[in-house]
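For reference, the structure discussed in these notes is given below.
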Amino acid sequence: MLIARHIDCPPCRLAAMTTAAPAMAAITPVDTRPEWKALVAHADATKQLHLRDIFRQDPTRGDELVANALDIHLDFSKQRVTRQSLQLLLSLAKACGVEAKRDAMFRGDRINVAENRAVLHVALRAPKGTVIQLDGVDVVPEVHRVLEAMAVFANRIRSGDWKGHTGRRIKTVVNIGIGGSDLGPAMAWDSLRVWSTPEIECRYVSNVDENDFHLKTHDLDPAETMFIISSKTFTTLETMTNAQTARAWSLKGLGGDEKAVAKHFAAVSTALGEVKKFGIDPANMFGFWDWVGGRYSMDSSIGLSNMIAVGPDAFGEMLAGFHDMDEHFRTAPLHQNMPALMGLMNLWNNQFLGCDTLAVLPYCQYLDRFSAYLQQLEMESNGKHVQLDGERVRWETSSIVWGQPGTNGQHAFYQMIHQGTKIVPCDFIAFAESLHDLGVHQDLLTANVLAQAEALAFGKTKDEIIADGVPAWLAPHKVMEGNRPSNLLLARKLSPRMLGRLVALYEHKVFTMGAIWGINSFDQWGVELGKVLAQRIIPELSAAKPDLKHDGSTNALIRKYRSWRGR
Ligand code: G6Q
Numbered sequence: 088m089l090i091a092r093h094i095d096c097p098p099c100r101l102a103a104m105t106t107a108a109p110a111m112a113a114i115t116p117v118d119t120r121p122e123w124k125a126l127v128a129h130a131d132a133t134k135q136l137h138l139r140d141i142f143r144q145d146p147t148r149g150d151e152l153v154a155n156a157l158d159i160h161l162d163f164s165k166q167r168v169t170r171q172s173l174q175l176l177l178s179l180a181k182a183c184g185v186e187a188k189r190d191a192m193f194r195g196d197r198i199n200v201a202e203n204r205a206v207l208h209v210a211l212r213a214p215k216g217t218v219i220q221l222d223g224v225d226v227v228p229e230v231h232r233v234l235e236a237m238a239v240f241a242n243r244i245r246s247g248d249w250k251g252h253t254g255r256r257i258k259t260v261v262n263i264g265i266g267g268s269d270l271g272p273a274m275a276w277d278s279l280r281v282w283s284t285p286e287i288e289c290r291y292v293s294n295v296d297e298n299d300f301h302l303k304t305h306d307l308d309p310a311e312t313m314f315i316i317s318s319k320t321f322t323t324l325e326t327m328t329n330a331q332t333a334r335a336w337s338l339k340g341l342g343g344d345e346k347a348v349a350k351h352f353a354a355v356s357t358a359l360g361e362v363k364k365f366g367i368d369p370a371n372m373f374g375f376w377d378w379v380g381g382r383y384s385m386d387s388s389i390g391l392s393n394m395i396a397v398g399p400d401a402f403g404e405m406l407a408g409f410h411d412m413d414e415h416f417r418t419a420p421l422h423q424n425m426p427a428l429m430g431l432m433n434l435w436n437n438q439f440l441g442c443d444t445l446a447v448l449p450y451c452q453y454l455d456r457f458s459a460y461l462q463q464l465e466m467e468s469n470g471k472h473v474q475l476d477g478e479r480v481r482w483e484t485s486s487i488v489w490g491q492p493g494t495n496g497q498h499a500f501y502q503m504i505h506q507g508t509k510i511v512p513c514d515f516i517a518f519a520e521s522l523h524d525l526g527v528h529q530d531l532l533t534a535n536v537l538a539q540a541e542a543l544a545f546g547k548t549k550d551e552i553i554a555d556g557v558p559a560w561l562a563p564h565k566v567m568e569g570n571r572p573s574n575l576l577l578a579r580k581l582s583p584r585m586l587g588r589l590v591a592l593y594e595h596k597v598f599t600m601g602a603i604w605g606i607n608s609f610d611q612w613g614v615e616l617g618k619v620l621a622q623r624i625i626p627e628l629s630a631a632k633p634d635l636k637h638d639g640s641t642n643a644l645i646r647k648y649r650s651w652r653g654r
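Okay, so the sequence shown: first residue is 88 according to the working numbering, each after it adds one.
Here it is in structure tokens:
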């Protein structure tokens, strides 16, 4: 059985880290700032205001509470904010040093203090010639060296020049990875299908559940299948278990010749030694760096499967889109800065209006996995309970992020969003142009997204319903209270470049919120305890006589499982 080393668990990683606490400026708890207190008072004073009143008092807000950049129009006028709320939120961002913290990230400061790492995903999309130094070394040339190596490899697979062990070309690429080494590439594969070569299909195996591996490979021919093992550490239990299964599956189908591994496996990792041990030719390993967090890595070599699918040029366009948004975030004043404004609106709803969740609702079927991707980006980054200095926070951090593409969601869970007792702020994402012109569809889709945002904001009163001829007894059931906040992101058209812009928009939105809260958006210690406990339970499931010392519930569940497995 394969047991992953605890490279990511706190005791092992801590053992490798210096025991000295990193130098850190004292964090002023955000709720002690006058700007925060002003927002608390303002929220109290304005909580009775309905969006109908807000629009009546401020009829031009639909044209003015917007931000425009990079073919994206952000309308945040249907948020429950007045102009004064906006000013107070912007003052809070300034007071918390969002701009200075942003500059520190772009500069390569080690802002991930708990792991003593820089946070330089922005370097992954920096154009050639940009200089971003880490410890006095410019990292951009190395980024481009890896991109060029990826392009050579991707082009060989795409053209059929790369031959498998039996001389056949590769028709399916299976990415094996999990979390940050899966969600981004899997989302981008769906999002960029229009740009993908029809010659190659990409599939994504992530779950250690063998059903996942079976589902994604049962109909494949090993002679035409390339596996990319994507793992920053190359020790993650799920990924290495699936990688070993893939290795055995591949060798079985190719006559057992170990030399086949080099023809059917590539790796994306920072761990050369582990990759070599697996039998992957180091020439087919594509590196990245410890300054790239897993959930910020889809534009690194973790995106190799995407580059194979869409080609180096379109992949480069996606990187250019990320960079466009980086530049916008880096240079636009806060009151016009889309990521900052989205972060402030989310913070307002989450903290001051008491809304726990955020629904992200793309009106584009290609963005089917976008909300799932954002769940990790937002919740793993900002689902934290302490400030950078270890003090417990006294305010709400990450929203619960969820969503589905419209219009399907409208026929499923929108009922609750419109008439339920919980307020669910929504981010609607829509595109002006479709990718396939089939007649009326795009207008219908757009009418739907605009109508949903309008209905949520303004609703329909009992009087209006009765005026429509509805009997009085039925009217309460039809009342739509409205006053439900939303953003509407209207982009011109989905493209690789636009996808990069949208992902970077959310990355920097997450950054803005973390900077205001004074938390570390770039570590993820919360996922470690479960991993450590699983390592303890694994042998207990099969040992002849395990000495179970868990709580009563866990002990009983282990016994039940063992009995049903005949152990
Ligand atoms: C993301 C996290 C996490 C990580 C996975 C996979 O920010 O760090 O989701 O990406 O645990 O890790 P490996 O790439 O090391 O297998």
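Glycine is no exception: its CB is placed at the ideal position from the N, C-alpha and C atoms.
Mark Tyr39 as exposed unless 16 or more other C-beta atoms lie within 10 angstroms of its C-beta, in which case mark it buried. Only positions 88 to 654 of the chain appear in the structure, and residue 39 is not among them; the question remains open.
Under 8 Å from any heavy atom of ligand 1, does the C-beta of Arg143 make it? no
Among the residues of its own chain, which have a CB less than 8 Å from the CB of Trp276, if the five just before and after it don't count? Ser283, Cys289, Tyr291, Ser392, Asn393 and Ala396
Residues of its chain near His208, where Cβ-Cβ distance is below 6 Å and the 5 sequence neighbours each way are ignored: Val379 and Tyr383
Is it the case that the CB of Phe321 approaches a heavy atom of ligand 1 more closely than 8 Å? yes
What's the call for Ala499, buried or exposed, on a 16-neighbour Cβ count within 10 Å? exposed
In chain order, what residues of the same chain have a beta carbon less than 6 Å from the beta carbon of Asn35, not counting five sequence neighbours either side? The shown model of the chain, from 88 to 654, leaves out residue 35, and the question about it has no answer.
Rounded separation between Leu152 and Gly430 - CA only: So the two alpha carbons sit approximately 15 Å from each other.
Would you grab the beta carbon distance between Asp610 and Ala201 for me? Rounded to a whole angstrom, and I think it's under 8 Å. 5 Å
Spell out the partners DSSP gives Lys250 in its beta bridges. DSSP lists Arg256 as partners of Lys250.
Is it right to say Gln144 is buried, meaning 16 or more other beta carbons lie within 10 angstroms of its own, or is it exposed? Gln144 comes out exposed.
Reduced DSSP category for Ile141 - H, G, I as helix; E, B as strand; rest coil: Taken through DSSP and simplified to helix, strand or coil, Ile141 comes out as helix.
Cβ shell of Glu325 (< 8 Å), same chain only, five flanking positions each side left out: Ile265, Ser293, Asn294 and Val295
Using 8 Å as the threshold, is the segment 225-237 in touch with the segment 631-650, meaning 3 or more CB pairs across them? no
Given 8 Å as the limit, tell me if Tyr291 has its C-beta closer than that to any heavy atom belonging to ligand 1. no
Could you say which of Gln166, Val117 and Ala132 lies nearest to Phe545 if we only look at CA atoms? Gln166
Output the distance between the C-alpha atoms of Ala519 and Gly366, rounded to the nearest integer angstrom. 48 Å
Which runs of the alpha helix (DSSP H), 4 residues or longer, sit entirely within the segment 429-472? 457-461
Any heavy atom of ligand 1 closer than 8 Å to the Cβ of Val614? yes
According to DSSP, is Arg245 helix, strand or coil? Secondary structure of Arg245 (DSSP, three-state): helix.
Would you check if the segment 305-316 and the segment 248-260 touch, i.e. whether three or more CB-CB distances between them fall below 8 Å? yes
Start and end residues, beta strand (DSSP E) containing Leu576: Ser573 to Lys580
Reduced DSSP category for Lys41 - H, G, I as helix; E, B as strand; rest coil: What the structure shows of the chain is the stretch from 88 to 654, and residue 41 is not part of that stretch, so it cannot be assessed.
CA nearest to the CA of Pro121, picked from Ala132, Leu157, Leu176 and Phe163: Of the listed residues, the one whose Cα sits closest to Pro121 is Leu176.
Since Tyr648 sits in a beta bridge, which residues does DSSP pair it with? In the DSSP output, where bridge partners are listed per residue, Tyr648 has none listed.
So, is Ser388 buried or exposed, given that buried needs 16 or more other C-beta atoms within 10 angstroms? buried
Going by C-alpha to C-alpha distance, which of Ala236, Met313 and Met425 sits closest to Ile159? Met425
Leu543 and Ile516: beta carbons closer than 9 Å? no
For Asp514, write down the residues that DSSP places opposite it in a beta bridge. BP columns for Asp514 point to Val447 and Asn574.
Opposing strand residues paired with Arg204 [DSSP bridges]: According to DSSP, which records beta bridges pairwise, Arg204 is partnered with Asn199.
Residues bridged to Ser356 (per DSSP): Gly374
Stretch-stretch touch, CB-based, cutoff 8 Å, three pairs: the segment 395-413 with the segment 117-137: no
Distance CB(Asn329)-CB(Ile263) smaller than 9 Å: yes
Report the partner residues of Ser317 according to the DSSP bridge assignment. Val355
CB of Tyr383 to nearest heavy atom of ligand 1: below 8 Å? Checking every heavy atom of ligand 1 against the Cβ of Tyr383, one is found closer than 8 Å.
Quick check on the DSSP output: what are the complete alpha helix (DSSP H) runs of length 4 or more inside the segment 386-418, in order along the chain? 391-418
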